[in-house]
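Input: a single structure, listed below in structure tokens.
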Amino acid sequence: MTLERFRWWHIAEVLPIEEDLFGAEKWSAAMFWNELATRRFYQIFSEQDQILGYAGLSVVDADESWVQNIAVRRDAQKRGVGRTLLEALLAEAAAQGSRRTLLEVAVDNEPAQRLYARYDFEPVGIRRGYYQPSNTDALVMMRSA
Ligand SMILES: CC(C)(COP(=O)(O)OP(=O)(O)OC[C@H]1O[C@@H](n2cnc3c(N)ncnc32)[C@H](O)[C@@H]1OP(=O)(O)O)[C@@H](O)C(=O)NCCC(=O)NCCS
Numbered sequence: 000m001t002l003e004r005f006r007w008w009h010i011a012e013v014l015p016i017e018e019d020l021f022g023a024e025k026w027s028a029a030m031f032w033n034e035l036a037t038r039r040f041y042q043i044f045s046e047q048d049q050i051l052g053y054a055g056l057s058v059v060d061a062d063e064s065w066v067q068n069i070a071v072r073r074d075a076q077k078r079g080v081g082r083t084l085l086e087a088l089l090a091e092a093a094a095q096g097s098r099r100t101l102l103e104v105a106v107d108n109e110p111a112q113r114l115y116a117r118y119d120f121e122p123v124g125i126r127r128g129y130y131q132p133s134n135t136d137a138l139v140m141m142r143s144a
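Here it is as structure tokens:
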């Protein structure tokens, strides 16, 4: 198993995973290119040269970081990959001196909310209709550091 920096040549392998997990709300290649260009902290989790998951963090300022996304290939879920990726992001947030880390998650996404709750994220707000085209609300969650 390896955790490494998400580079542009990983995008092609990530797109079908994104399609499978998020359907109409998937990120496009252009969105990933943009994320990588802004030098955010993006990590790839792979095993035997296959990408099993990926996640990204944006350090907004000295105080605050945001989890941009976290995704684990369907057939690799519930094996600790999401947890490993989230721990890498939280370690980076701490290394950057963040006082708090925030994220948005769909209100009906129980597995993800459970993962975040395990790492002390707590609900702090709702963004109405944040996810389009489904018009699903996002729960904003936050934890210290
Ligand atoms: C959410 C997601 C990233 C979790 O990744 P994962 O590798 O399956 O999670 P892990 O195996 O590391 O599990 C960590 C914790 O998450 C929670 N969890 C994971 N899958 C779960 C499920 N199907 N049901 C309930 N809780 C679940 C549990 O609390 C689990 O801890 P436990 O095993 O000790 O009970 C993954 O399910 C995923 O990619 N989902 C689709 C994309 C997505 O929703 N991303 C989040 C967008 S905000």
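The opening residue of the sequence shown carries number 0 in numbering that gives the first Met the number 0; numbering runs sequentially from there. We put the beta carbon where it would ideally sit given N, CA and C, even for glycine.
The Cβ-Cβ distance between residue 95 and residue 58 falls below 7 angstroms. Pairing residue 84 with residue 55 gives a Cβ-Cβ distance that is not under 7 angstroms. Taking each of 15, 39, 20 in turn and checking the Cα distance to residue 28, the smallest one comes out for 15. Around the beta-carbon of residue 1, fewer than 16 other beta-carbon atoms lie within 10 Å, marking it exposed. Restricting attention to 68, 37, 25, the CA atom closest to the CA of residue 88 is found in 68. Here residue 0 carries a coil assignment [DSSP, helix/strand/coil]. Relative to residue 80, the option among 46, 104, 65, 101 whose CA is nearest is 46. An exposed status is given to residue 37, since fewer than 16 other beta-carbon atoms sit within 10 Å of its beta-carbon. Burial check for residue 11: the Cβ neighbour count within 10 Å stays below 16, so the residue is exposed. Beta-bridge annotation (DSSP): residue 37 is not paired with any residue. Our two residues, residue 8 and residue 134, have alpha carbons roughly 32 angstroms apart in a direct line.
Under the DSSP assignment, residue 19 falls in the alpha helix (DSSP H) whose first and last residues are 10 to 21. Membership of residue 115 in the alpha helix (DSSP H) is indicated by the continuous run 109 to 117.
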